[in-house]
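A quick write-up on the structure given underneath.
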Amino acid sequence: MDVPFKLEFKQHNEKPQEVVKFARNEDELFKLNDSEIPVAKENINLCLSFSSTNLDDRMYFDLLDIVFKDELHEDLSFISPSDEPLQIYDSNDKYTGALIPGYYKVIVVHENQNYYTWLKIIPKQVTTEQWIVMREEVEAELTGLARDILYKRTGTHLNDDSPLPLNLINKIELINSSFNKWRIAFEHVFKNPCYRLKKAYKKVDKSKARLLDQVSLRKMSFDSQANGKGQVYSSENICLYDTLENRWLKFYISGIFKQLTSLFKELDHFLLEIEAAIKKKMKYKNTYMHDLQYHKLLSTKEDLQLHRFKLTSIINDCNKFLNMGWVKELDGLRPLQNSMVVQTDPNYRTIFKFYKDVMVKNYEISLSPEYTYYWKRTDQLYEIWGFIQFIKAFTSEELGYQIQKGWVYSASISNERVFVVPFLKQGTTIELIKDDIQVNLVYDATITKTDVSQLLYTDMSANRPDLRLDFYKEGEYINSIIIDFKYRPLKNIWNNKYRTDVMDQLTMYRDNLHSQQVFSKSFPGNWRSFRAVLEVWAIYPQHKLNEKNGEPRQIRLVELTPKVEQNLFIKTLKDSVDNVIRTWNTFKKIQ
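As structure tokens, this is what we get:
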């Protein structure tokens, strides 16, 4: 397409890419394929050149408000034609943004005519598909961690292949936490509902009359027949249950009954699925008794049966109440007026609160807003994705650890029933246990250079690993494994031809981290005889140029990539953990 202007993009050590095809409207823009648009790699210096025969032309670019952050062009909203190239992204510190993988719209306005194209930013070390998978996995797995916590708080143990819907978890937790309060409140309103008194008059023999008042006398004056029979009109107080608070009570309990009846059917559906899964496992007669998943399914079935019992109890309560004679006579529609009694009577208020909670459709799970920073930097995204992979590996069947506390596992639900996944802050620690072994996953913590009373200290500059695995056996600190996530090709991490900064960093982690607490119970005062760090890991993504030429002493080079099978990663981690325990056993034998 011939256009009266010229637009091209250039990155460091790359040929300029001139845009030769433009769409004339946004419908055409979305039909452009990748071969027709310029492509740049993330976080590499980027320049653009925009020239035109008309100096009034303007270029609008989505990236301007994301990466172009220097003081000179702080308020820049469009680009004018110029003979000089413009630096859009520079990897130096003055550019606070980042080139995030994705598609960014470009619009050139020439004499009131719009010309459209895209600039595609691709990841450096992983494929675009892998980057998308990585981001989706981080978001999904953070949400999944929150779901797992909700499972545990309701006592369910379903695996990822057959998860209960979050709405069902919500209601199960509600029933568990409110069941006793419901029973007390319901029994009270069932036996002693609110009422109002009304006087009623009827003819009785004078000898049986209990109370005569002015109304009685007035009625008798008009009923000569009653006087002739020796009868009088006697008054008595009767209870009327047609009150505003009782109409509200019927409305609440009707709503609870409908919601929980639907929930009951849903629960039965999942019980049938679990029973079918158990039967499927039992076909393997020689192995199912040793199958961890089989026992989890059995435990889940027992839990859900208990929830079913409580659910049935509340449904029966509601049914019993709604079938009472005086309740049937009440209007079942939502009352138009509010009732003060519902707010002040503790039993009516308990049922009202239970109704409100039951009618809430779902928990809301949200991520801390601070996570948006991770989406801007693929290296940071890779780091948190990798951290989650370690959590998953430790809690897999192969390693079998259980999470005790820390990070999202210590988060609470707000009064608005919102579960916010907290930001993964520097120094965050997750505690896992298995039998008498404890492992602390310590994220991005600075290791002291001066305080030898801390678990680890160093006299070198490398003192902030991305992840630290601290191992305890029978309450005694025995070793650490240091992990660093390296979003770069392997040749830039460990290269036998020349020394890299990363090689120096990993070596310092291996040789210059010390602890006066290592084996302090088994061998008090002999900490100098033991290495605090047993291994150092460098984690890196798959790359076509990766070529491993052996591994240095006590340093593991481990490939970990989104959308790639991770069995080898889990096996490698298990080998390292077993090595830590073997080392402890060896030293205990010579104690």
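Here the sequence shown stands for residues 7 to 597, where the numbers follow my numbering.
Built from N, CA and C at the ideal position, the CB exists for glycine as well.
Predicted, not measured: the structure shown is a model, and the values here were computed from it.
Per DSSP, what kind of secondary structure is residue i in: helix, strand or coil?
i, result
"V347", "helix"
"G108", "strand"
"V144", "helix"
"Q523", "coil"
"F491", "strand"
"R505", "coil"
"Q572", "coil"
"A152", "helix"
"I371", "strand"
"K197", "helix"
"R340", "coil"
"K47", "strand"
"K577", "helix"
"D450", "coil"
"F425", "strand"
"L328", "helix"
Taking the C-alpha atoms as reference points, what is the distance between residue i and residue j?
i, j, result
"S582", "G412", "23 Å"
"T513", "R559", "9 Å"
"Y415", "S374", "15 Å"
"K362", "Q349", "13 Å"
"F477", "L269", "44 Å"
"E482", "L461", "12 Å"
"D465", "R516", "13 Å"
"N182", "I43", "57 Å"
"L13", "E272", "59 Å"
"F529", "L540", "17 Å"
"V586", "N19", "46 Å"
"I596", "V542", "26 Å"
"R537", "N485", "8 Å"
"K580", "W391", "19 Å"
For residue i, I'd like the list of residues in its chain whose CB is within less than 7 Å of its CB, leaving aside the five on either flank, ordered along the chain.
i, result
"L304", "I284"
"M365", "G261 and Q265"
"K152", "First, the residue type needs correcting, since residue 152 is Ala and not Lys in the sequence shown. Correct list, in chain order: I371, V414, F425 and V427."
"R202", "L246 and T249"
"Y463", "I453, T454, K455, D457 and H520"
DSSP beta-bridge partners for residue i?
i, result
"M65", "I85 and V114"
"F15", "Q23 and L54"
"E565", "Y546"
"I181", "Beta-bridge pairing links I181 to no other residue."
"C245", "L203"
"N120", "V115"
"Q93", "C53"
"Q408", "I439"
"L125", "Y110"
"A29", "Y122"
Who are the near neighbours of residue i in its chain, counting only those whose CB is closer than 6 Å to its CB and skipping five residues on each side?
i, result
"C53", "K16, P91 and Q93"
"D442", "E480"
"H313", "I178"
Taking C-alpha atoms, which residue in the options lies nearest to residue i?
i, options, result
"F5", "I259, E376 and T267", "Since the first residue shown for the chain is 7 and the last is 597, residue 5 is missing from the structure and cannot be characterised."
"F185", "I321, H275 and L250", "I321"
"S83", "T452, S57, H18 and V112", "V112"
"A46", "Q23, K440 and H275", "Q23"
"V195", "D351, K286 and E145", "D351"
"R340", "H275, K256, C324 and Q410", "K256"
"W332", "T318, L475, T249 and F400", "T249"
"C324", "I175, M140, K595 and W188", "W188"
"I487", "K440, Y290 and A544", "A544"
"R534", "E541, L519 and Q548", "L519"
"D337", "R253, F315 and K37", "R253"
"K307", "E279, K287, M288 and L328", "E279"
"G531", "A538, R537, V539 and Q522", "Q522"
"D33", "W124, N51 and H18", "W124"
"V139", "K595, L496, N498 and V570", "V570"
"L574", "G433, E193, K302 and Q395", "Q395"
"S55", "Y110, V25, L566 and L317", "V25"
"H116", "R494, Y66 and R141", "Y66"
"K205", "I244, I175, V448 and Y388", "I244"
Which residues in the same chain as residue i place their Cβ atom closer than 8 Å to its Cβ, once the five residues preceding and following it in sequence are excluded?
i, result
"R470", "D450, A451, T452 and I453"
"L61", "S86 and P87"
"E251", "C200, S345, V347, V348, D351 and Y354"
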